[in-house]
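One structure is given here, and the rest of the page talks about it.
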Amino acid sequence: MKIILLWLCLSASVSAGERQTIDLSKQVTLTELIKAGLTGSPSIAIKHAEWKAIVERYPQAKALQDPILRYDYFGESVETRVGPQVQRLMISQSFPFPGTLKTKAKLAATDIAIKQLEYDLAVREFIVKLKVIYYEIVYLQSAIEISKQNQQLLSHFAKEAKTEYAKGSLNLNSLLKAETQAAQIQYDIVLLTELKTLELSKLYLLVNLSEKSKLGSFKMDALRLQKRSYKDYEKLAQNNRQEIKVATLKLEKAEKKIKLATLKTRPKFTLFSSYVETDEAEMPVADSGKDPWTVGIGFTIPIWYSKNKAVRREAKYMRQKAANEKVLVENKTSLQLKTLLFKLRNSRRLITLYDKTLIPHAKHALDISENKEKSAKKDLSQLVETQGIWLNFNLARLRAVIDYQQTLAKLESLTAVSLTKERK
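So the sequence shown is numbered by our numbering: it starts at 1349 and just counts up by one.
So, in structure tokens, the structure goes:
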């Protein structure tokens, strides 16, 4: 999953709150939906705005505080030797301890890097959610098609069963079995159709599509079985997963905050200058009416040691928190990786089981039943039962394929890379 490349698709974002309209009436592909989502998803737009907002903190972090300009007017003039003072103008500028601004700038840069990773994470999570919904719709779409094909066959069997029962060549149990199977598959089609409608609603909301958008049939991606080992996936996750990178940056940020906390307990300096306007003295003296000016320096005295120590201790505890959070993220990643790999391997085993054993056997049994049905030794009850087994095996095999695709998408979320280029 190339996050940076996918980010480029965001260049044509729609305005806030506006749902986009797309026309994929011929065929829906995952690539087209991802492109539409990256330009229209509010969740991605939110993270993008947060990232850009944090970028604007960098020039704020490395800048000095605004200087203070002060003006005093003497309502009651102070008489001096050279004349009465009328008004005074003063300007001052504060400076933190050397190294403070540099450290603040580094902290701001770390925050920017964290927000960029969180934006990449939002893009990644969006794609994973989209893939899971997409593959679920593919399953429901295919399951409806398979069920409708079998509905036609079972309807034919049910009619034939009624005819045979009327002739007395078929018992009541066989007739009821044929009609029950036909009714059950009709219920399944209704259920699958409603589930598909629900998944489509999720898709529309996730991608931010308007009701005018047209979506045709969903294309099934080619099944690409994985051959990597646990160590391979673990290495990919450690090197690429945004959550681990964010945890690492937060630990670095906590270490910088320890340094900043120490700098904050150091003296802060203030330079100031003043100018006083003076009128002419009533008595003629030397320097009469001369305007005095001053320059000076001030600094804070960090004498409250308990407060200063508390500032440093707080920063160190936050560093411990960040270090433990990093370990927690790594442990969770390892556990999630093992769980997903188990599901991936189990789905693959099921696919192999259905492809090489169960479906061929069910097809063979179905062929035998169909041949019997055509011969004098017809057994409609067995044919209906065998047809149901064959249908269930095909649907179960389809479910295993979709589970594999969905698990692979979640595995891509853990490794933060595309895994679908690998072929068996």
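Glycine included, every Cβ here is placed at the ideal spot set by N, Cα and C. Note that the structure is a prediction, hence the values are computed from the model and not measured.
Asked                                                                                                    : Found
Complete runs of the beta strand (DSSP E) confined to the segment 1552-1588 [at least 3 residues]        : 1562-1566
Distance CB(V1555)-CB(A1384) smaller than 7 Å                                                            : yes
Nearest-angstrom Cα separation, counted from Q1753 out to E1473                                          : 16 Å
Candidates M1631, S1549, D1627, G1644, of which the one nearest G1637 by Cα                              : D1627
Residue burial classification, E1542 (beta-carbon count within 10 angstroms, cutoff 16)                  : exposed
Cβ neighbours of R1696 in the same chain (closer than 7 Å, five flanking residues each side left out)    : L1573, Y1752
Inter-residue spacing [alpha-carbon to alpha-carbon] between F1741 and T1379                             : 30 Å
Under 7 Å between C-beta atoms of S1561 and T1369                                                        : yes
Pairwise C-alpha distance: S1503 and E1819                                                               : Residue 1819 is absent from the model: the chain starts at 1349 and stops at 1772.
Start and end residues, beta strand (DSSP E) containing T1642                                            : 1641-1647
Euclidean distance between Cα positions of I1308 and I1645                                               : What the structure shows of the chain is the stretch from 1349 to 1772, and residue 1308 is not part of that stretch, so it cannot be assessed.
Cutoff 7 Å; reference E1678; Cβ partners in own chain excluding five residues on either side             : I1592
Sequence-distant residues of its chain with Cβ nearer than 7 Å to Y1467 (five each side left out)        : K1395, H1396, W1399
Touch test, the segment 1666-1683 against the segment 1450-1468, Cβ-Cβ under 8 Å, three pairs minimum    : no
Reduced DSSP category for T1369 - H, G, I as helix; E, B as strand; rest coil                            : coil
Buried versus exposed call for I1424 [16 or more other C-beta atoms within 10 Å across all chains shown] : One detail in the question is off: residue 1424 reads as Glu in this sequence, not Ile. Flag for E1424 reads exposed.
Same chain, Cβ closer than 6 Å to E1547, five either side skipped, listed in chain order                 : I1481, E1484, I1485
7 Å Cβ cutoff met for V1749 and Q1529                                                                    : no
Spatial distance of T1734 from S1717 (CA atoms)                                                          : 7 Å
Delimiting residues of the alpha helix (DSSP H) encompassing L1437                                       : L1437 -> not in any alpha helix (DSSP H); beta strand (DSSP E) instead, spanning 1431-1443.
Terminal residues of the alpha helix (DSSP H) in which V1765 lies                                        : From DSSP, V1765 is part of no alpha helix (DSSP H); its letter is neither H nor E.
Bounding residues of the alpha helix (DSSP H) (the contiguous stretch that carries R1614)                : First-last for R1614: undefined, no H or E at that position.
C-alpha distance - K1525 paired with L1739, whole-angstrom precision                                     : 16 Å
L1386: first and last residue of the uninterrupted alpha helix (DSSP H) it sits in                       : 1378-1388
Three-way DSSP call (helix, strand, coil) for V1633 in this model                                        : coil
8 Å contact criterion, which K1674 and T1596 should meet: CB distance rounded                            : 6 Å
Status (buried if at least 16 other CB within 10 Å, exposed otherwise) for S1654                         : exposed
DSSP-derived helix/strand/coil call for Q1534                                                            : helix
P1415 and I1439 closer than 7 Å at C-beta                                                                : yes
Closest residue to R1576 among K1686, S1490, I1402 (Cα-Cα distance)                                      : K1686
T1325, enclosing alpha helix (DSSP H) - first and last residue                                           : The displayed coordinates of the chain run from 1349 to 1772. Any statement about residue 1325 would go beyond what the structure contains.
Local Cβ density within 10 Å of Y1581, reported as buried at 16 or more and exposed below that           : buried
Integer-rounded CB distance, given that P1615 should sit under 8 Å from P1640                            : The pair is not a contact, with the Cβ atoms about 28 Å apart (cut-off 8 Å).
Cβ neighbours of A1491 in the same chain (closer than 7 Å, five flanking residues each side left out)    : L1540, L1743, L1746
Residue environment, A1634, which counts as buried when at least 16 other CB atoms sit within 10 Å       : exposed
Coarse secondary structure for E1628, derived from DSSP in three states                                  : coil
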